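**Student:**
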Amino acid sequence: MSQKYIKPPVEIRYAKELEALKANDTARKPENWVLSPKAVRTFILGSKTPITYNGEKITVNKKFFGNDALVERCIITLAGSRGLMLVGEPGTAKTMLSELLSAAISGTSTNTVQGTAGTTEDMIKYSWNYALLLAKGPVKEALVPSPLYVGMSKGIITRFEEITRTPAEIQDSLISVMSDKVLNVPELEEDGLIFAKPGFNIIGTANIRDKGVNEMSSALKRRFNFETVNPVKDVRLEKQIIINEVEQTALANKIEMPVDTDVAELLAITYHELREGISESGIKIDKPSAVMSTAEAVSVFYQTMSNAWYYEDDKMSLKDLTENLNNAVCKDTKDDLERLKGYFNTVIKFKAEKIGGIWKEFYTARKYLK
Ligand SMILES: Nc1ncnc2c1ncn2[C@@H]1O[C@H](COP(=O)(O)OP(=O)(O)O)[C@@H](O)[C@H]1O
Ligand SMILES: [Mg+2]
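The sequence shown begins at 125 in my numbering and counts up one residue at a time.
#1: Between Glu285 and ligand 2, is there a pair consisting of the residue's CB and a ligand heavy atom that are separated by less than 7 Å?
#2: Could you name the residues of the same chain whose beta carbon sits closer than 8 Å to that of Asp334, not counting the 5 residues immediately before and after it, in chain order?
#3: Using 8 Å for Cβ pairs, my map puts Pro271 next to Glu311. What's the rounded Cβ distance?
#4: For Gly481, collect the residues of the same chain with a Cβ closer than 7 Å to its Cβ; drop the 5 residues on either side in sequence, then sort them by chain order.
#5: Could I get the ranges of all uninterrupted alpha helix (DSSP H) runs contained in the region 202-280, with 4 residues as the minimum, in chain order?
#6: Could you give the DSSP three-state label for Glu371: helix, strand or coil?
#7: Can you pull the DSSP bridge partners for Phe319?
#8: Tell me, which residues are paired with Glu389 by DSSP?
#9: How would you call Gly232, buried or exposed, if buried means at least 16 neighbouring beta carbons within 10 angstroms?
#10: Compare the Cα-Cα distances from Leu442 to each of Glu141, Glu389 and Lys249 and report the closest residue.
#11: Can you look up Ala421 in the DSSP assignment and give me helix, strand or coil?
#12: How would you label Ala217, buried or exposed, when you count the other beta carbons within 10 angstroms and need 16 or more for buried?
#13: Can we count Ala376 as close to ligand 1, meaning its CB is less than 7 Å from some heavy atom?
#14: Along the chain, where does the alpha helix (DSSP H) that runs through Ile294 open and close?
#15: Where does Thr219 land, buried or exposed, given buried means 16+ other C-beta within 10 angstroms?
#16: Please tell me whether Pro154 and Ala203 are closer than 8 Å, where the distance is taken between their beta carbons.
#17: Which residues does DSSP list as the beta-bridge partners of Ala330?
#18: In angstroms with no decimal places, state the Cα-to-Cα distance between Asn331 and Lys260.
#19: Would Ala489 and Thr428 qualify as a contact pair, given that the criterion is a beta-carbon distance under 8 Å?
#20: Kindly examine ligand 2 and report whether one of its heavy atoms sits closer than 7 Å to the Cβ of Thr329.
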């Protein structure tokens, strides 16, 4: 792919796969959906055999790992009248999954409201272009539609990122839209009611580390089906996610060195053990309070790989890895540094003696923890 964007949206990144799936799609489909639920599932979970399209064989790789049933339920929710709310720890691919769903169902993943403490009702519903409003009065032309407005009028999905960061009373402006599927613009003299077209729905994401879902009103909660996205439990899968993600980012940034799979395994095991609070051999670990997500592991690995590419002639250095891990883990409290040191002095020490190899190098690098 030519490098036009730092991070192309899902529908551009996987344009070929989406086209191929569409051309071969004969399954039942809700009104206005680009792909059928079956094809959406294949896009996200991958196909066993390549799809033939324009005489070419297109491989559809699995993109979301760890819970196929959850993905199937999400798709079915979106075909119904309730919204979908993905909740979980940061870095569990909630955003990624919501982008994949939007791109496959509506052809776009960018119709998005980003929830913050400063999100206002205007940003959720609509606002005005004041120059036009003064010149022409409250006419449709002067109205600046929000992503919700666009979703309703086009019949596509609106993503609402980090919805629980938005004050609860602002979140509640979604209630009437979600139950009646109509948005009222009282200022407009005619056509003041915007009816949602089929295909419209909302995907919200919420981090349980933020203010939380508790403060969301029960009236709004009832308009959503909740799905909890958990961190990947399988170390081999986590290693594979790290490799896949780093490979793609490296390619996009023209870093042309192979991914060191041994280091990816070491990092996947480290993250897994620190997250679970217990080592493979049963040693108890005092868990850091920082988020030990796969996404963080990917970024620690990629950082180390960039360093290897630009400074170290492609050699992944465990000193850099340890320093990057240190920075990623010890953001919130000083106690996390002690916990990380404790982990090195028990579990990594044990692996260094028992397995040796890069674990020994990793153990030696503990002197860089600070
Ligand atoms: N189950 C998973 N399947 C595939 N990738 C995952 C998974 N969990 C985490 N990841 C990786 O971590 C990143 C998580 O990013 P993101 O979607 O921003 O998480 P969240 O929105 O939950 O904070 C993904 O882009 C992907 O690289
Ligand atoms: Mg997110």
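Every residue, glycine too, gets a C-beta built ideally from N, C-alpha and C.
Fair warning: this is a prediction, and the values are worked out from it, not measured in the lab.
**Tutor:** A quick look at the data gives this:
#1: The sequence position of residue 285 within the sequence shown is 161, counting from 1. Yes; taking the cut-off as 7 Å, the Cβ of Glu285 has a heavy atom of ligand 2 nearer than that.
#2: Here residue 334 corresponds to residue number 210 of the sequence shown, with the count starting at 1. Cβ within range, chain order: Glu286, Thr288 and Arg289.
#3: As a working mapping, residue 271 is identified with position 147 in the sequence shown. As a working mapping, residue 311 is identified with position 187 in the sequence shown. Between Glu311 and Pro271 the Cβ distance is about 20 Å, and since that is not below 8 Å, they are no contact.
#4: Taking the sequence shown and counting its residues from 1, one reaches residue 481 at position 357. None.
#5: 218-230, 245-248, 254-260 and 271-278
#6: Sequence index remark: in the sequence shown, residue 371 carries index 247 (1-based). Correct three-state label for Glu371: helix.
#7: As a first step, residue 319 must be located in the sequence shown, where it is residue number 195. The partner list for Phe319 (beta bridge, DSSP) reads Val306.
#8: Translated into the one-based positions of the sequence shown, residue 389 becomes position 265. Paired residues: none, contrary to the question.
#9: One-based indexing of the sequence shown puts residue 232 at position 108. Before going on, a small fix: residue 232 reads as Thr here, not Gly. Classification for Thr232: buried.
#10: Locating residue 442 in the sequence shown gives position 318, where the first residue counts as 1. Measuring from the Cα of Leu442, the nearest candidate turns out to be Glu389.
#11: For the purposes of this step, residue 421 is identified with residue 297 of the sequence shown, where counting begins at 1. Here Ala421 sits in helix by DSSP.
#12: Your numbering for residue 217 matches position 93 in the sequence shown. Buried, because 16 or more other Cβ atoms sit within 10 Å of the Cβ of Ala217.
#13: One-based indexing of the sequence shown puts residue 376 at position 252. No; taking the cut-off as 7 Å, the Cβ of Ala376 has no heavy atom of ligand 1 nearer than that.
#14: As a first step, residue 294 must be located in the sequence shown, where it is residue number 170. It spans Ala292 to Gln295 - the alpha helix (DSSP H) in which Ile294 sits, taken as one unbroken run.
#15: As a working mapping, residue 219 is identified with position 95 in the sequence shown. Flag for Thr219 reads buried.
#16: As a first step, residue 154 is located in the sequence shown; it is residue number 30 there, counting from the start. As a first step, residue 203 is located in the sequence shown; it is residue number 79 there, counting from the start. A contact, by the Cβ cut-off of 8 Å.
#17: Here residue 330 refers to the residue found at position 206 when the sequence shown is read from its first residue. Under DSSP, Ala330 shares a beta bridge with Val211.
#18: Taking the first residue of the sequence shown as 1, we reach residue 331 at position 207. Taking the first residue of the sequence shown as 1, we reach residue 260 at position 136. Approximately 43 Å, taken between the alpha carbons.
#19: Your numbering for residue 489 matches position 365 in the sequence shown. Your numbering for residue 428 matches position 304 in the sequence shown. No; because the gap between Cβ atoms is not below 8 Å, this pair is not in contact.
#20: As a position in the sequence shown, residue 329 is number 205, starting the count at 1. Answer for Thr329: yes, Cβ within range of ligand 2.
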